[in-house]
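**Q** Quick one: the structure is below, questions incoming.
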Amino acid sequence: MTEFLQQLLNGLSLGAIYALIALGYTMVYGVLRFINFAHSDVFMLGAFAGYYLAPIVARVFPSGSVAGAVVVLLSAMAICAVIGVTIEYLAYRPLRRRPRLTVLITAIGVSLLIEFTSQHRLVFGPSPRTFPQLLDARTLDIGGVAIGTTQIVVFVLTAVLLAGLTFVVQSTKVGTAMRAVSFNEQAAALMGVNINRIISFTFALGSALAGAGGVLFAMSYTKIEPLMGVQTGLKAFVAAVLGGIGNLPGAALGGIVLGVVETFAGGVQGLSNYRDGIAFAVLILILLFRPAGLLGRAQVEKV
Amino acid sequence: MSLLEVRDLHVNYGAISVLHGVSLRVAPGEIVTLIGANGAGKSTTLRTLSGLVRARAGTVVFDGKPIANLPPHEIVRLGLGHVPEGRMIFANLTVHENLQMGAYLQHDRTAIAREFDYVFSLFPRLKERERQIAGTLSGGEQQMLAIGRALMGRPRFLMLDEPSLGIAPLLVKAIFQKITEINRERGITVLLVEQNANLALEVAHRGYVMETGRILLENDSATLRADPQVRSAYLGG
Ligand SMILES: Nc1ncnc2c1ncn2[C@@H]1O[C@H](COP(=O)(O)OP(=O)(O)OP(=O)(O)O)[C@@H](O)[C@H]1O
Ligand SMILES: [Mg+2]
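Chains A and B, in that order, give the protein sequences. In terms of the numbering used here, the first sequence is residues 42 to 344. In terms of the numbering used here, the second sequence is residues 11 to 247.
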């Protein structure tokens, strides 16, 4: 039983990170109907932003403090927001009226560009680095289940970010405009909505969450490298599809489901090498029965 | 002095020319209708005026300002509202949120509250459905919402594209009544596109008849209704 709870806990904290990244995929899909493959690299850049920011922040905030970690997180989020908006502005906006496939291929190109540039020795270099310890490593023992301070911070911050996102999307003017644009761009334009601005805002929001995911991932697993986004990003994308692409609560749920399934698969004797395979098998199974995803509604593609 | 003046408008969809030199004018306070067969280019004309479609050539002057090829959000800001064909309400938002979106460019809270009151007085049904997801409204209610949403932006000039489409005849009468009311009480100038030419010529002061991308006829409504050519082609004998 404690073994089960332990795995569940580990799965949830991995899932929380998938959820943060998955939201960006799903938000961009919501307004532009394409998959921003460069999103996974924004996640990686978030981790590196945290890596370079940590020593600077440590000069002001007591090392190991939660406040310091939050400042690193928020700064990395801001940097990633700017990166996301820039990518959209330079790479995708000029192609707005082109076929989706063109944009999709461009996104793959942007992703490769970031990955290979980052691997250059004048940038981050190809070898993994150890992420600085932002929090004092302490482990609480709750009835045999070990929970680390980092895990707690991951949970709390993810919950705060999800609540904040829900508030922005559901209760603010710009959030309502986002939902309007995602339903019908032309109608939103007729209301006086500057579509480009809403798209920029969407990229800022999604990229900031990916940046947060990057920092939290680095805090949890300590190794970062330029290709770290490839696999994690792919899984987050899968999580977004699993939840129902375009659906925000779906992306969060999909991320958590995938994190938990993957962790349990990895915990079974003799199966741990197949953890990704099993996670994907579960995904295929779910999509067989619910093609639109867990929370997605089957809908006809708009013309 | 006209509020809207369109001169020699040419519009293409890709390589296909759809409007070949449309000219029309609307004076302040008027209700003008644009009638014509399916595919004549009525919706395209409205979509070009509101900036959703780009003109290849021609000028559009609204209140003394050239607006051809401005982006839609800047055209709306000048006071030109458009209730598009097929209503295009935000089916994923509530009725209240749809109306809020209509007031997207308005910042004065008391003015927004006043517009809510006005729209609800015009269409009490919307008040009853305020918290409902708009996608669950009936066709007629959606049309009311589309009109109400456009009114929330406090337009001086309102374009309506086939408000009668897919709505029971009794309700169509009621909606046309409201259009007259909006025009008279609010002084909003109206450009009305309609398949139902009979009804359109009843409420409009003047009309244009469009055929395959051109304006064929222009006259006051009474004259158009008496015109044998119009009668046989658009008024069912
Ligand atoms: N997006 C588009 N791409 C290509 N052709 C289009 C497009 N929209 C309209 N057309 C064509 O342009 C012409 C004019 O269409 P438009 O919708 O303006 O006509 P309409 O007068 O509003 O017709 P209806 O009464 O059926 O609404 C039609 O021949 C139509 O097929
Ligand atoms: Mg039409």
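No residue lacks a Cβ here, since even glycine has one placed at the ideal position from N, Cα and C.
Cβ atoms of Phe100 (chain B) and Phe224 (chain A): under 9 Å apart, would you say?
**A** In the first sequence, residue 224 (chain A) corresponds to position 183, counting from 1. In the second sequence, residue 100 (chain B) corresponds to position 90, counting from 1. Yes, these two residues count as a Cβ contact at 9 Å.
**Q** Mark Lys343 (chain A) as exposed unless 16 or more other C-beta atoms lie within 10 angstroms of its C-beta, in which case mark it buried.
**A** For the purposes of this step, residue 343 (chain A) is identified with residue 302 of the first sequence, where counting begins at 1. Annotation note: pLDDT 38 at Lys343 (chain A) (below 50); position unreliable, coordinate value reported separately. So Lys343 (chain A) counts as exposed.
**Q** May I ask you to report which of helix, strand or coil DSSP gives Ala214 (chain B)?
**A** Along the second sequence, one-based indexing puts residue 214 (chain B) at 204. Ala214 (chain B): coil per DSSP, three-state reduction.
**Q** Throw me the rounded Cβ distance for the Gly300 (chain A) and Gly125 (chain A) pair, which I believe falls under 8 Å.
**A** Start at 1 with the first residue of the first sequence, and residue 300 (chain A) comes out as number 259. Start at 1 with the first residue of the first sequence, and residue 125 (chain A) comes out as number 84. That belief does not hold up - the Cβ atoms of Gly300 (chain A) and Gly125 (chain A) are roughly 23 Å apart, past 8 Å.
**Q** Using only the alpha-carbon positions, how far apart do Val219 (chain B) and Gly91 (chain B) sit?
**A** For the purposes of this step, residue 219 (chain B) is identified with residue 209 of the second sequence, where counting begins at 1. For the purposes of this step, residue 91 (chain B) is identified with residue 81 of the second sequence, where counting begins at 1. Distance between the alpha carbons of Val219 (chain B) and Gly91 (chain B): 22 Å.
**Q** To which residues does DSSP link Arg238 (chain A) through a beta bridge?
**A** Position 197 of the first sequence, counted from the start, is the residue given in the question as residue 238 (chain A). In DSSP, Arg238 (chain A) forms no bridge with anything.
**Q** Is any non-hydrogen atom of ligand 1 found closer than 8 Å to the C-beta of Asn48 (chain B), if you look at the structure I gave you?
**A** Counting from one through the second sequence, the residue named residue 48 (chain B) turns up at place 38. Residue side-chain check: Asn48 (chain B) places its Cβ nearer than 8 Å to a non-hydrogen atom of ligand 1.
**Q** Counting Cβ pairs closer than 8 Å, one from the stretch 16-36 of chain B and one from the stretch 219-236 of chain B, do we hit at least three?
**A** yes
**Q** Closer than 7 Å, Cβ to Cβ, to anything on chain A: give me those residues from the stretch 160-179 of chain B, in chain order.
**A** Gly163
**Q** Answer with buried or exposed for Ser54 (chain A), where buried requires no fewer than 16 other C-beta atoms within 10 angstroms of its C-beta.
**A** For the purposes of this step, residue 54 (chain A) is taken as the residue at position 13 of the first sequence. Residue environment: Ser54 (chain A) is assigned as buried (16 or more neighbouring CB atoms within 10 Å of its CB, all protein chains considered).
**Q** Can you give me the Cβ contacts of Ile113 (chain A) inside the same chain, cut-off strictly under 7 Å, excluding the 5 residues immediately before and after it?
**A** Your numbering for residue 113 (chain A) matches position 72 in the first sequence. Inspection of the sequence shows that residue 113 (chain A) is occupied by Val rather than by Ile. Taken in chain order, the residues that qualify are Gly91, Leu94, Ala95, Val98, Leu175, Val256.
**Q** Using only the alpha-carbon positions, how far apart do Val341 (chain A) and Arg179 (chain A) sit?
**A** The residue labelled residue 341 (chain A) in the question sits at position 300 within the first sequence. The residue labelled residue 179 (chain A) in the question sits at position 138 within the first sequence. Note on Val341 (chain A): pLDDT 45, under 50, position unreliable in the model; the coordinate value appears next. One C-alpha to the other measures close to 51 Å.
**Q** Just checking: is the beta-carbon of Ser60 (chain B) within a distance shorter than 9 Å of some beta-carbon in chain A?
**A** Locating residue 60 (chain B) in the second sequence gives position 50, where the first residue counts as 1. Closer than 9 Å: yes.
**Q** For Phe172 (chain A), which of helix, strand or coil comes out of DSSP?
**A** Taking the first sequence and counting its residues from 1, the one referred to as residue 172 (chain A) is at position 131. The answer is coil: DSSP assigns Phe172 (chain A) none of H, G, I, E or B.
**Q** Under 8 Å: does the beta carbon of Met68 (chain A) sit that close to some heavy atom of ligand 1?
**A** As a first step, residue 68 (chain A) must be located in the first sequence, where it is residue number 27. Here the distance from the Cβ of Met68 (chain A) to the nearest heavy atom of ligand 1 is not below 8 Å.
**Q** Look at the alpha carbon of Val203 (chain B) and the alpha carbon of Glu172 (chain B), and state the distance between them as a whole number of angstroms.
**A** Within the second sequence, the letter at position 193 stands for residue 203 (chain B). Within the second sequence, the letter at position 162 stands for residue 172 (chain B). Distance between the alpha carbons of Val203 (chain B) and Glu172 (chain B) is about 5 Å.
**Q** What is the residue span of the alpha helix (DSSP H) that Met269 (chain A) lies within?
**A** The residue given as residue 269 (chain A) occupies position 228 in the first sequence. Taken as a continuous stretch (DSSP letters only), the alpha helix (DSSP H) holding Met269 (chain A) covers 269-284.
**Q** For ligand 2, I want to know if Val21 (chain B) counts as a neighbour, meaning its beta carbon is within less than 8 Å of at least one of the ligand's heavy atoms.
**A** Residue numbering aside, residue 21 (chain B) sits at position 11 when the second sequence is read from its first letter. No - ligand 2 has no heavy atom lying nearer than 8 Å to the Cβ of Val21 (chain B).
**Q** Can you name, in chain order, every residue of its own chain whose Cβ lies under 7 Å from the Cβ of Val21 (chain B), other than the five neighbours on each side?
**A** As a working mapping, residue 21 (chain B) is identified with position 11 in the second sequence. Same-chain partners within the cutoff: Val28, Leu29, Thr54, Thr58, Val63, Ala65, Arg66.
**Q** Just to check, is the beta-carbon of Ser169 (chain B) closer than 8 Å to a non-hydrogen atom of ligand 1?
**A** By one-based count along the second sequence, residue 169 (chain B) stands at place 159. Residue identity differs from the one stated: residue 169 (chain B) is Met in this sequence, not Ser. Outside the cutoff, so no.
**Q** Is the beta carbon of Leu201 (chain B) sitting closer than 9 Å to the one on Leu147 (chain B)?
**A** As a position in the second sequence, residue 201 (chain B) is number 191, starting the count at 1. As a position in the second sequence, residue 147 (chain B) is number 137, starting the count at 1. No. Outside cutoff.
**Q** Please work out which residues of its chain come closer than 8 Å, Cβ to Cβ, to Val186 (chain A), disregarding the five sequence neighbours upstream and downstream, and give them in chain order.
**A** As a first step, residue 186 (chain A) is located in the first sequence; it is residue number 145 there, counting from the start. So the qualifying residues of the chain are Thr43, Leu46, Gln47, Leu50.
**Q** Suppose you measure from the CA of Val191 (chain A) to the CA of Gly254 (chain A); what does that come to, to the nearest Å?
**A** Locating residue 191 (chain A) in the first sequence gives position 150, counting from the first residue. Locating residue 254 (chain A) in the first sequence gives position 213, counting from the first residue. One point to set straight first is that residue 191 (chain A) is Thr, not Val, in the sequence displayed. Roughly 13 Å between the two C-alpha positions.
**Q** To the nearest angstrom, how far is it from the Cα of Met11 (chain B) to the Cα of Val71 (chain B)?
**A** Position 1 of the second sequence holds residue 11 (chain B). Position 61 of the second sequence holds residue 71 (chain B). Taking the straight line joining both Cα atoms gives about 11 Å.
**Q** Closer than 6 Å by C-beta to Gly307 (chain A): which residues in its own chain qualify, once you throw out the five before and the five after it? Chain order, please.
**A** Residue numbering aside, residue 307 (chain A) sits at position 266 when the first sequence is read from its first letter. Same-chain partners within the cutoff: Ser313, Arg316.
**Q** Here's the rule: buried if 16 or more other CB atoms are within 10 angstroms of the residue's CB, otherwise exposed. What is Glu195 (chain B)?
**A** Mapped onto the second sequence, residue 195 (chain B) falls at position 185. If you draw a 10 Å sphere on the C-beta of Glu195 (chain B), you find fewer than 16 other C-beta atoms in it, and that means exposed.
**Q** To the nearest angstrom, how far is the alpha carbon of Ala364 (chain A) from that of Phe258 (chain A)?
**A** The requested residue 364 (chain A) is not part of the displayed model; chain A covers only 42 to 344.
**Q** Taking Cβ-Cβ distances shorter than 8 Å, what residues in chain B pair up with Thr217 (chain A)?
**A** As a working note, residue 217 (chain A) is residue 176 in the first sequence. What Thr217 (chain A) touches in chain B: Leu103, Glu107, Gln110, Met111.
**Q** Find the residues of chain B that neighbour Val234 (chain A), judging by a C-beta separation of less than 8 Å, and give them in chain order.
**A** Taking the first sequence and counting its residues from 1, the one referred to as residue 234 (chain A) is at position 193. Under the 8 Å cutoff, chain B gives His83, Met111, Tyr114.
**Q** So the candidates are B:Ile198, B:Val240, B:Gly197; which of them puts its Cα closest to the Cα of Gly256 (chain B)?
**A** With chain B covering 11 to 247 only, the question about residue 256 (chain B) has no answer from this structure.
**Q** I'd like to confirm something about Val28 (chain B): is its beta-carbon nearer than 8 Å to some heavy atom of ligand 2, or not?
**A** Counted from its first residue, the second sequence places residue 28 (chain B) at position 18. Every heavy atom of ligand 2 is 8 Å or more from the Cβ of Val28 (chain B), so no.
**Q** I'd like to confirm the pairing. Which residues does DSSP put opposite Gly421 (chain A) in its beta bridges?
**A** Since the first and last residues shown for chain A are 42 and 344, residue 421 (chain A) lies out of range.
**Q** Any heavy atom of ligand 1 inside 8 Å of the beta-carbon of Glu276 (chain A)?
**A** As a working note, residue 276 (chain A) is residue 235 in the first sequence. It should be noted that the sequence gives Lys, not Glu, for residue 276 (chain A). No, the Cβ of Lys276 (chain A) stays beyond 8 Å of every heavy atom of ligand 1.
**Q** Show which residues of chain B have a CB atom less than 8 Å away from the CB atom of Asn225 (chain A).
**A** Start at 1 with the first residue of the first sequence, and residue 225 (chain A) comes out as number 184. Within chain B, the residues near Asn225 (chain A) are Met98, Phe100.
**Q** Determine the closest residue to Thr199 (chain A) out of A:Gly318, A:Leu115, A:Met85, A:Ala79, with distance taken between C-alpha atoms.
**A** As a first step, residue 199 (chain A) must be located in the first sequence, where it is residue number 158. Out of A:Gly318, A:Leu115, A:Met85, A:Ala79, A:Leu115 has the C-alpha closest to the C-alpha of Thr199 (chain A).
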